[in-house]
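Visitor: Below is a structure I'd like to ask you about.
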Amino acid sequence: MHARIRSLALVAIALSAVTTTACKKKPVVAPPPAPVAAPFNQDSADAAARAAREAAERAAREAAERAAREEAARLAAAVAAAKAAFATPVYFDYDMSNIRDDQRATLDAKVPIFQANPDMRIRVAGHTDNRGSDEYNLALGQRRAAEVKQYLIARGIAADRIDVVSFGEERPAVAMDGEDAWAKNRRGEFEIIAGANPFKLPNK
Amino acid sequence: MTSRAARLLLCLCTPLCLFPSTSGAQDTIPQGVRVGLTYDPSTRPGVFVTAVAGETGDSVRAMLARNLDFGDRLNVLSAEPGAPPPAGRFNYELYAKLGASAIVQASMTREGSLHVVVHDVAAKRVLNVGDFAFGGAAPLSPAWRMTVHRASDEVERWITSVRGIAATRIVFVRDQRLWIVDSDGANATPLGVGGTALSPAWHPTGRYVAYTAMADDGLSVVVRDVQSGQARRMPRLGGSNFTPAFSPDGSTLVYSAGDDGTDLYAVAPFGGDAPRRVTFGRGTPTSSPSFSPDGRGIAYISGRLGHPEVYITDADGTNAELLTEAPSGDRPYRSDPDWSPDGRTVAFTSQEGPNLQVMVISLRDRRIRQLTGSARNENPSWAPDSRHVVFTSTRSGAKQLWVLDTESGRTRQLTRGAGVARQPAWSPRLEQP
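Residue numbers (the numbering used here), protein chains in the order written: chain A, 166 to 369; chain B, 17 to 449.
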């Protein structure tokens, strides 16, 4: 294409040279410069149109991508929030393993997530505070995890979707003494171990 | 008696002195009371450990004297450090005047043994003689020290007719790893188990330790060869598996297992019969078995009343009964039973006011005696002499292991240093180094 433009330009220069020679006596009026750029203008218009089209397409694409990104971020945030809600521990009273009334809502909130992710399997870990016997706390932690599992089974979740483990007092949430720390350490924790990738949000 | 003891002390303070007491606070005896004045000399015969010749002589003498002191059956009086070993015939009359009933005279033989002579001061003759081979162990190495410990245990038996407990070790948990320490507090060493390990228990031979292994996917029971480090995982009996205990014949391992509640199961740790269920807790927590010395009974914790109490059952699961009758306390909590090697008592932990304390219950009349009183004290484990217990205490700050003489109330700190030490298990007497 460049070669063609160049040859056109050469033709135009040759023509103007001939004209100049023929009218030697006449006052030299410089002819307007050969319309060398004329074909360029056409191309340039095409290019501009093309560029505009491309820019518009790009803008649209970027907008779509941005929207998709924002949607993905929104979804990711929603998934993260749902996962965080799912991971919210339940808390127990000292030396007790029954589900407290004020902890039922925390457990009930997990049920729709089980329903939205039918292949999801989880692990419930029972923990204790560090006041009693280290060894008995292993057994107590197991009981707490088992109570959580029984509660979820009663809400319609299949038993084989829930593993239970005990960590006794060995993995405190707050490695301190005192009523506040103890209350935070007497807990059941929730971990997704399989079947939730991708994680599906429950239908509102 | 007091004046006699005081006179004795005066006598000793001139050419000789009392062996310095290395014990710490005492639970039932006021602090600051000198050991030499506290105990009735008629029940704690005075013993001299004479100086020992040779490069390691001072170490041998110090270890013998300390072991006999830690045994709490003898009143150890020692020659001044650096005094030459006595030569020729003993002046028994002089030793008698100084309050000694026996003299322990040790020497190193050319054949690589510890030669020990014990003199009966009143009878003015040699009571017993023994040789204890070091087996080529390097001086002051753990095996070498164990030979000296075995010698002092025999000396204690010769004098008191009860064998000592120096040649033993205590396995315990420090920062969620297994450690082993000699009975005198020396050679505290990690066992080299990777990952979190809890609630160790000895095989009656002292060759194996069973423990609870904690991983992200739960609790399992492992039996480990202490010398070789070889480990074998016990059958996973559904749910969490934890707190193992060997039967006295070593052929059975009992531990907690279960998904909903936990119960005790008996397995053959080295192959054999299929696992057998022992307890029936109906979905309640059960843990921490401890066998009676005849292997026919098991003490354990059950939460079936809604709080933990100590129960005993026949090893086949029949005749389960509550051992620690709960009084009307606001927070009854009894745990960590350990059946004494003589079969007569069970030591356990009890919530007493704001703290846990170590208790002992007589199986004959169910009388309960509180053994500790200051700070938090828990998880007792009997020494082979059924007289000393090792337990966890916060009395010096972070949890450390302490040894208590249940007859005198005398205590000593076993572990020191960084980290939290807990869950001790006292080994049987160790015949091999």
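In this text, a Cβ means the ideal position worked out from N, Cα and C, and glycines have one as well.
The structure displayed is predicted, hence computed values, not measured ones.
Look at the alpha carbon of D279(B) and the alpha carbon of I181(B), and state the distance between them as a whole number of angstroms.
Guide: Distance between the alpha carbons of D279(B) and I181(B): 34 Å.
Visitor: Determine contact between the stretch 320–329 of chain A and the stretch 334–343 of chain B, defined as no fewer than three beta-carbon pairs at a distance below 8 Å.
Guide: Taking 8 Å as the limit for Cβ pairs, the verdict is that the stretch 334–343 of chain B does not touch the stretch 320–329 of chain A.
Visitor: On the DSSP letters alone, give me the boundaries of the alpha helix (DSSP H) that I175(B) sits inside.
Guide: Residues P158 to T176.
Visitor: Counting only C-beta atoms, is F257(A) closer than 8 Å to chain B at any point?
Guide: So no, F257(A) is outside the interface.
Visitor: Put S75(B) into one of helix, strand or coil per three-state DSSP.
Guide: Helix.
Visitor: Please list, in chain order, the chain A residues whose beta carbon lies closer than 9 Å to that of F258(B).
Guide: Within chain A, the residues near F258(B) are E300, L303, A304, Q307, S331 and G333.
Visitor: Quick one: is I317(B) near chain A, going by C-beta distance under 8 Å?
Guide: For I317(B), the answer is yes, since a Cβ of chain A falls inside 8 Å of its Cβ.
Visitor: Taking the alpha carbon of W355(B) as the point to measure from, which residue in S402(B), R383(B) and G322(B) has its own alpha carbon closest?
Guide: The shortest Cα separation from W355(B) among S402(B), R383(B) and G322(B) belongs to S402(B).
Visitor: Along chain A, which residues have their Cβ under 9 Å away from the Cβ of R382(B)?
Guide: Here the premise fails: no neighbours, minimum Cβ distance about 21 Å.
Visitor: Have a look at V289(A), Y316(A) and R296(A) and flag the residue whose alpha-carbon is nearest the alpha-carbon of I327(A).
Guide: Nearest option by C-alpha distance: V289(A).
Visitor: Can you give the Cα-Cα distance for R179(B) and K314(A), rounded to whole angstroms?
Guide: The alpha-carbon atoms of R179(B) and K314(A) are separated by roughly 53 Å.
Visitor: What residues in its chain sit with their C-beta under 8 Å from that of G277(B), if we drop five residues either side in the sequence?
Guide: Correct list, in chain order: G297, R298, G299, T300, P301 and T302.
Visitor: For G210(B) and G245(B), what's the separation of their Cα atoms in angstroms?
Guide: Answer to the nearest angstrom: the Cα atoms are 11 Å apart.
Visitor: Can you tell which of A391(B), V436(B) and S443(B) has its C-alpha closest to the C-alpha of L399(B)?
Guide: Checking the sequence shown, residue 399(B) turns out to be Ala, not Leu. Comparing Cα-Cα distances from A399(B) to each of A391(B), V436(B) and S443(B), the minimum goes to S443(B).
Visitor: Any idea if T38(B) is buried or exposed, counting beta-carbon neighbours within 10 angstroms, 16 or more meaning buried?
Guide: With a pLDDT of 41 at T38(B), under the threshold of 50, the modelled position of that residue is not reliable, and no figure is offered here.
Visitor: Would you say Y349(B) faces chain A, with C-beta separation under 8 Å as the test?
Guide: Answer yes: the Cβ-Cβ gap between Y349(B) and chain A drops below 8 Å somewhere.
Visitor: Indicate whether D352(B) and E312(A) have their beta-carbon atoms separated by less than 8 Å.
Guide: Cβ distance not < 8 Å, so D352(B) and E312(A) don't count as in contact.
Visitor: Note down, in chain order, each residue of its chain lying with its Cβ closer than 6 Å to the Cβ of S263(B), except the 5 sequence neighbours on either side.
Guide: Closer than 6 Å at the Cβ level, and outside the excluded window around S263(B), lie F307 and G311.
Visitor: Could you check whether the Cβ of A221(A) sits closer than 8 Å to any Cβ belonging to chain B?
Guide: False, the Cβ-Cβ gap to chain B never drops below 8 Å.
Visitor: Taking DSSP as the reference, what is the three-state secondary structure of G222(B)?
Guide: Note: G222(B) maps to coil in three-state DSSP.
Visitor: Among A261(B), D358(B), T259(B) and V270(B), which one has its Cα closest to the Cα of R293(B)?
Guide: Here the closest residue by C-alpha is V270(B).
Visitor: Does the beta carbon of G343(A) come closer than 8 Å to any beta carbon on chain B?
Guide: Answer no: the Cβ-Cβ gap between G343(A) and chain B never drops below 8 Å.
Visitor: So is N350(A) buried or exposed if we call it buried at 16+ other beta carbons inside 10 Å?
Guide: So N350(A) counts as buried.
Visitor: Between V244(A), T293(A) and P254(A), which has its C-alpha nearest N362(A)'s C-alpha?
Guide: If we check each option's Cα against that of N362(A), V244(A) comes out closest.
Visitor: Could you check whether the Cβ of E394(B) sits closer than 8 Å to any Cβ belonging to chain D?
Guide: Within the model displayed, chain D is absent; protein chains A and B are what it includes.
Visitor: For the pair the stretch 227–240 of chain A and the stretch 271–284 of chain A, tell me if three or more CB-CB distances fall below 8 Å.
Guide: Flag = no, the stretch 227–240 of chain A and the stretch 271–284 of chain A do not touch.
Visitor: Is there at least one non-hydrogen atom of the ligand FMN closer than 7 Å to the beta-carbon of M79(B)?
Guide: No copy of the ligand FMN appears in this structure; indeed no ligand is present at all.
Visitor: Identify the contact partners of T176(B) in chain A, using a Cβ-Cβ distance below 8 Å as the criterion.
Guide: Simply none; closest approach about 34 Å.
Visitor: Output, in chain order, the set of chain A residues within a Cβ distance shorter than 7 Å of D276(B).
Guide: Within chain A, the residues near D276(B) are A311.
Visitor: Might you give, ordered along the chain, the residues of its own chain that have their beta carbon closer than 8 Å to the beta carbon of E71(B), omitting 5 neighbours on each side?
Guide: Counting only Cβ-Cβ distances below 8 Å, and skipping sequence neighbours, we find P155.
Visitor: How many Å lie between A149(B) and H131(B) at the Cα?
Guide: Near 9 Å, if we compare the C-alpha coordinates of H131(B) and A149(B).
Visitor: Tell me which same chain residues have a C-beta within less than 7 Å of the C-beta of P251(B), skipping the five on either side of it?
Guide: Excluding sequence neighbours, P251(B) sits near V283 and P291.
Visitor: Can you name the residues of chain A whose CB is closer than 9 Å to the CB of S215(B)?
Guide: Ordered by position in chain A, the residues that pass the 9 Å Cβ test against S215(B) are D299, E300 and L303.
Visitor: Is any beta-carbon of chain A found at less than 8 Å from that of Q192(B)?
Guide: Q192(B) counts as touching chain A.
Visitor: Quick one, which of G287(B), T268(B) and F188(B) has its alpha-carbon nearest K415(B)'s?
Guide: Closest by alpha carbon: F188(B).
Visitor: Could you tell me which whole beta strand (DSSP E) segments of length 3 or greater appear in the stretch 181–215 of chain B?
Guide: List check, beta strand (DSSP E) in window: 185–190 and 193–198.
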